[in-house]
Ligand code: EPU
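Residue numbers (our numbering): 9 to 351.
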């Protein structure tokens, strides 16, 4: 077990916020986690930290930050795979692709760790982690007991699960069991994935494609659109893509026509429910590449806010978030919601 007090978290969050926590513990086994949760000498509250890639530390953390140091992947056979919560997500994707297992390839190169994938239901290019998960292994904080929660109980939805709501603080994820496919199962219908696959490999025939090929293409796309967190601090998409009703979509279309903004991209989600890309709304408010204090809107993908100066404070990120939200609400009547968690 690694344990320390007044630890700098600057290298443990991809936004590179220079904050500290009162106590930091990295546990190496489920037994160690249980002992930590039962240790009354450790400062409360406890916060489970994964790769720190979807959060903004707004200030020093007064309690104990817990990190899972377990990093084993186990092949359970017939496409079932167990991965410890501390496995780097992209290492898991690489492992599955190397075994020819289908499922996580579209989620390649997403920063973060396996434990967080089950909490956040990470998604990209037409796949979500929740679709691949069979069960989530946890320790219940209050009782210290080990529980295996079936995916069906987790209420997976767009970037959402019960771990973010009624189960917040109740369960600490220690590992995830995935049910993957040994049969070809390419998902190419999101955005330009199919075109990119054809261009790179000359075919989109599922009998020829491998998960490793799709992984390569998705990794290329992400590298071309999103900042490398090792070079420019960010937390990926800062905002969720908003769902609007037909009336609001019509109002957005009218505004776009009035101001010559082009065709409004939209996707039907359900009855009178449409997704409009937040990137488009922010872009059309003129935010691309704009800076405010040390914070900025990434020039290639306006959904992403970046720590441009390298020294950006949480307040500067929050000020930029507010300015963007105000202008999108003012122009299009849509209230953007952040995807990033404030801690
Ligand atoms: N667009 C613009 N201007 C731009 C960029 C995009 O108008 O500069 C418009 C285009 O119409 C484009 C649309 O926005 O078609 C959507 O853009 P893109 O596909 O790049 O982003 P997204 O689909 O909204 C989501 C996820 C990403 C994920 C991609 C691929 C959210 C909030 N974001 O973005 O997730 O990688 O789909 O599936 O759902 C993340 O969570 O950190 C993340 C990067």
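The C-beta atom is built at its ideal place from N, Cα and C for all residues, glycine as well. From a predicted model like this one, the values you see are computed outputs, not experimental measurements.
So is residue 275 buried or exposed if we call it buried at 16+ other beta carbons inside 10 Å?
exposed
Please classify residue 255: is it buried, with 16 or more other beta-carbons within 10 angstroms of its beta-carbon, or exposed?
exposed
Use the C-beta contact count for residue 22: other C-beta atoms within 10 angstroms, 16 or more gives buried, fewer gives exposed.
Burial call: buried.
Exposed or buried, what is residue 75 when buried is set at 16 or more other beta-carbons lying within 10 Å of its beta-carbon?
buried
State yes or no: is the C-beta of residue 92 nearer than 6 Å to some heavy atom of ligand 1?
no
Looking at C-alpha atoms only, which residue of 216, 315, 258 is the closest neighbour of residue 242?
When each option's Cα is compared against that of residue 242, the closest is 315.
Ligand 1 and residue 169: does any heavy atom of the ligand fall closer than 6 Å to the residue's C-beta?
no
As a quick exercise: from 330, 128, 235, pick the residue whose alpha carbon is nearest that of residue 117.
235
Under 7 Å between the Cβ atoms of residue 324 and residue 304?
no
Check whether the segment 176 to 193 touches the segment 33 to 52, counting contact only when three or more Cβ pairs, one atom from each stretch, lie closer than 8 Å.
yes
Identify which residue in 199, 140, 62 has its Cα closest to the Cα of residue 188.
140
Is it the case that the Cβ atoms of residue 79 and residue 98 are separated by a distance below 7 Å?
no
Tell me which residues share the same chain as residue 257 and place their Cβ nearer than 8 Å to its Cβ, disregarding the 5 neighbours each side in the sequence.
In the same chain as residue 257, and ignoring 5 residues on each side of it, the C-beta atoms closer than 8 Å to its own belong to 272, 274, 282, 284, in chain order.
Check the DSSP bridge columns for residue 135 and list the partner residues they point to.
132
Our contact map puts residue 158 next to residue 145 with C-beta atoms below 8 Å; I'd like the distance itself, whole angstroms only.
In fact, because the Cβ distance is near 11 Å, the residues do not count as touching under 8 Å.
Just tell me which of 270, 137, 84 has its CA closest to the CA of residue 127.
Ranking 270, 137, 84 by Cα distance to residue 127 puts 137 first.
Can you name, in chain order, every residue of its own chain whose Cβ lies under 6 Å from the Cβ of residue 350, other than the five neighbours on each side?
64, 66
Whose CA, out of 207, 239, 248, lies closest to the CA of residue 229?
207
Please report the residue range of the alpha helix (DSSP H) in which residue 104 lies.
97 to 106
Look at residue 45 and residue 149 and say whether their C-beta atoms are less than 7 Å apart.
yes
If the criterion is Cβ atoms closer than 7 Å, does the pair residue 61 and residue 112 meet it?
Taking a C-beta distance under 7 Å as the contact criterion, residue 61 and residue 112 do not qualify as a contact pair.
Mind listing, in chain order, the continuous alpha helix (DSSP H) runs of no fewer than 4 residues lying wholly within the segment 203 to 242?
Those alpha helix (DSSP H) runs which fall completely within the segment 203 to 242 and span 4+ residues are 219 to 233.
Using the Cα positions of residue 227 and residue 48, report the straight-line distance between them to the nearest angstrom.
44 Å
Check whether the Cβ atoms of residue 310 and residue 290 lie closer than 7 Å to each other.
Yes, the pair counts as a contact, with Cβ atoms nearer than the cut-off.
If you measure between the beta carbons of residue 18 and residue 26, is that distance less than 7 Å?
yes
Let me check you understand the geometry: is the CB of residue 287 closer than 6 Å to at least one non-hydrogen atom of ligand 1?
yes
Whole angstroms is fine: what's the gap from residue 11's alpha carbon to residue 71's?
Taking the straight line from one Cα to the other gives about 13 Å.
Report the rounded CA-to-CA distance for residue 308 versus residue 298, giving the unit in angstroms.
Pairing residue 308 with residue 298, the inter-Cα distance amounts to about 11 Å.
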